[in-house]
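Engineer: Have a look at the structure that comes next, please.
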Amino acid sequence: MPEALLPDGLVPVITRSSALTGHRSVRRSYRLLDRDGGDLGPLDGVTGASLTESAAATLKRGGSASITDTEQDIDWLNSRIHATYEVEAGPAWGLGVFIPSAPEEAWSGSTRRWEAELLDVLTVLDEWPLIDGYTLPAGAVVTDEMRAIIALTGETAVAITDSTSTLTTARSWDPHTSALTIFNALADSIGYFSLASDGDGLLRAEPYVRPAARPIVWAFVEGVDCIFRDQFKVTRDIYHVPNVISAVTQGTGDEAGLSVTVYNDNPDSIFSTVSRGRLIGRADGPIVTEATDLDALETIAHRALIDATTPTLTVVIDAMPVPVSTNDAVTFRRAVTGLDGRFVVSRIEYGGAETDLATYTLTEVVDL
Numbered sequence: 000m001p002e003a004l005l006p007d008g009l010v011p012v013i014t015r016s017s018a019l020t021g022h023r024s025v026r027r028s029y030r031l032l033d034r035d036g037g038d039l040g041p042l043d044g045v046t047g048a049s050l051t052e053s054a055a056a057t058l059k060r061g062g063s064a065s066i067t068d069t070e071q072d073i074d075w076l077n078s079r080i081h082a083t084y085e086v087e088a089g090p091a092w093g094l095g096v097f098i099p100s101a102p103e104e105a106w107s108g109s110t111r112r113w114e115a116e117l118l119d120v121l122t123v124l125d126e127w128p129l130i131d132g133y134t135l136p137a138g139a140v141v142t143d144e145m146r147a148i149i150a151l152t153g154e155t156a157v158a159i160t161d162s163t164s165t166l167t168t169a170r171s172w173d174p175h176t177s178a179l180t181i182f183n184a185l186a187d188s189i190g191y192f193s194l195a196s197d198g199d200g201l202l203r204a205e206p207y208v209r210p211a212a213r214p215i216v217w218a219f220v221e222g223v224d225c226i227f228r229d230q231f232k233v234t235r236d237i238y239h240v241p242n243v244i245s246a247v248t249q250g251t252g253d254e255a256g257l258s259v260t261v262y263n264d265n266p267d268s269i270f271s272t273v274s275r276g277r278l279i280g281r282a283d284g285p286i287v288t289e290a291t292d293l294d295a296l297e298t299i300a301h302r303a304l305i306d307a308t309t310p311t312l313t314v315v316i317d318a319m320p321v322p323v324s325t326n327d328a329v330t331f332r333r334a335v336t337g338l339d340g341r342f343v344v345s346r347i348e349y350g351g352a353e354t355d356l357a358t359y360t361l362t363e364v365v366d367l
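Counting along the sequence shown from 1, when you hit position 247 you're at 246 in numbering that gives the first Met the number 0, and nothing is skipped either side.
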């Protein structure tokens, strides 16, 4: 395996027994899969692949790959590519399952090279239109309907956390609305994360958890376990941060809609009602949603307030790749900057070479 060296800057005292905090021998493997996830064998000729994962995007994974033609039989329209990062004498983890676009060809003499865009498997749902629209009755179990939407598209690798929440009113969507749009609307109505594919291509949807309540999965810290380069960017966005947000549902007939208002009253927050001495509302007014009940509505409002406050501090670091995903909670500490606390991974970028550092965008956690 090629050797990946720790970045210049904060060079730790190497703990040779740790596969992830010392110099490491690594490789990325790429395998072809059929639509159902069946293994078709290794994908030959990959000379580089840049991959991204973004929590804020609807299609959360993507990338591009350079592939030299080795006369391997590749069904570009129906095959998928599973990328994996492997550490010798250490762990391996998936970097995503991708749908390759019909690639652009580049020739050099008799050698053909393909440049392929790599699309998130969620693209299947995003491109799948419900031609006649879609209607669900009041009382339908939301997570059952979420599974049904995915089943319509033929995708089978699915993990959706069960919920007993039901639709309080009938729901309908216009003709040609995508399956992904309908799925995410249902997920939002019960306070779930939007649909995401994990590193092995599993389509996942689960209840939203406040960043402050998520388990810490990695510590990006200086010292003996440091794996990040001592050159990074810190961005602070403090313009028009609200400290109060309302969320409402529309009433039906004689039944009034639901309404919830949440406040940032945390005295430790510089944006709170306590610190600012006044209320600052959301510029677009209340959030109008199809929440199924008050608990879901409060989750939506609370999540929106946290999201509106969270982007106040972002750190972008280059580090040795580790098995974390977007929305995971981590810690970051660099004493000279005064930064030492809990963050959420909001974006990951893997460079083209298998020994490249990964770029992690970390967003400071604000608990309200």
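Backbone N, C-alpha and C fix where the C-beta goes; we use that ideal spot for every residue, glycine too.
Since this is a predicted model, take the numbers as computed values, not measurements.
Over what stretch of residues does the beta strand (DSSP E) that includes Ser-63 continue unbroken?
Structural biologist: 60-67
Engineer: Which of helix, strand or coil does DSSP assign to Val-335?
Structural biologist: helix
Engineer: Check each candidate in Asp-125, Thr-142, Trp-172 and name the one with the smallest Cα separation from Ala-56.
Structural biologist: Asp-125
Engineer: If you drop the 5 nearest sequence neighbours on each side, which residues of the same chain put their C-beta closer than 8 Å to that of Asp-306?
Structural biologist: none
Engineer: Can you have a look at Gly-8 and say buried or exposed, based on whether 16 or more other CB atoms are within 10 angstroms of its CB?
Structural biologist: Only weak support exists for where Gly-8 lies, its pLDDT of 41 falling under 50; the coordinates are left without a value.
Engineer: Checking the sheet assignment: what are the DSSP bridge partners for Ser-177?
Structural biologist: Pro-128
Engineer: Leu-42 bridges to which residues according to DSSP?
Structural biologist: DSSP lists no partner for Leu-42.
Engineer: When we look at the beta-carbon of Ser-324 and count the other beta-carbons within 10 Å, is it buried (16 or more) or exposed?
Structural biologist: buried
Engineer: Counting pairs of beta carbons, one from the region 114-124 and one from the region 203-220, are three or more of them closer than 8 Å?
Structural biologist: no
Engineer: Given a cut-off of 8 Å, decide if Arg-209 and Asp-327 are closer than it, judged by their beta-carbon atoms.
Structural biologist: Cβ distance not < 8 Å, so Asp-327 and Arg-209 don't count as in contact.
Engineer: May I have a chain-ordered list of the beta strand (DSSP E) segments no shorter than 3 residues that lie completely inside the region 68-108?
Structural biologist: Runs of the beta strand (DSSP E) inside the region 68-108: 79-86, 91-99, 103-107.
Engineer: Does DSSP classify Arg-23 as helix, strand or coil?
Structural biologist: strand
Engineer: Residues in its own chain within less than 7 Å of Trp-172 by CB, not counting five upstream and five downstream?
Structural biologist: The residues are Leu-129, Gly-132, Tyr-133, Ile-181.
Engineer: Is it true that the CB of Gly-198 sits closer than 8 Å to the CB of Trp-75?
Structural biologist: no
Engineer: With the cut-off set at 8 Å, would you say Leu-369 and Val-329 are in Cβ contact?
Structural biologist: Here the chain comprises residues numbered 0 to 367, so residue 369 is not present and cannot be evaluated.
Engineer: To which residues of the same chain is Thr-14 closer than 8 Å at the C-beta, ignoring the five residues directly before and after it?
Structural biologist: At Thr-14 the pLDDT is 33, less than 50, meaning the model places this residue with poor confidence and gives no usable figure here.
Engineer: Rounded to whole angstroms, what's the CA-CA distance from Asp-68 to Gly-44? Just pull it up for me.
Structural biologist: 6 Å
Engineer: With H, G and I counted as helix, E and B as strand and the rest as coil, what does DSSP make of Glu-297?
Structural biologist: helix
Engineer: Who are the near neighbours of Glu-154 in its chain, counting only those whose CB is closer than 8 Å to its CB and skipping five residues on each side?
Structural biologist: Here Glu-154 has Val-120, Val-123, Leu-124, Leu-202 as same chain residues with Cβ atoms under 8 Å from its own Cβ, once five neighbours each way along the sequence are excluded.
Engineer: Residue range of the alpha helix (DSSP H) that Leu-278 falls in?
Structural biologist: Taken as a continuous stretch (DSSP letters only), Leu-278 belongs to no alpha helix (DSSP H), as it is neither H nor E.
Engineer: Given a cut-off of 8 Å, decide if Val-364 and Ala-211 are closer than it, judged by their beta-carbon atoms.
Structural biologist: yes
Engineer: Between which two residues does the beta strand (DSSP E) carrying Ile-215 extend?
Structural biologist: 215-220
Engineer: Per DSSP, Ile-226 forms a beta bridge with which residues?
Structural biologist: DSSP lists no partner for Ile-226.
Engineer: If you draw a straight line from the alpha carbon of Leu-151 to that of His-301, how long is it in whole angstroms?
Structural biologist: 32 Å
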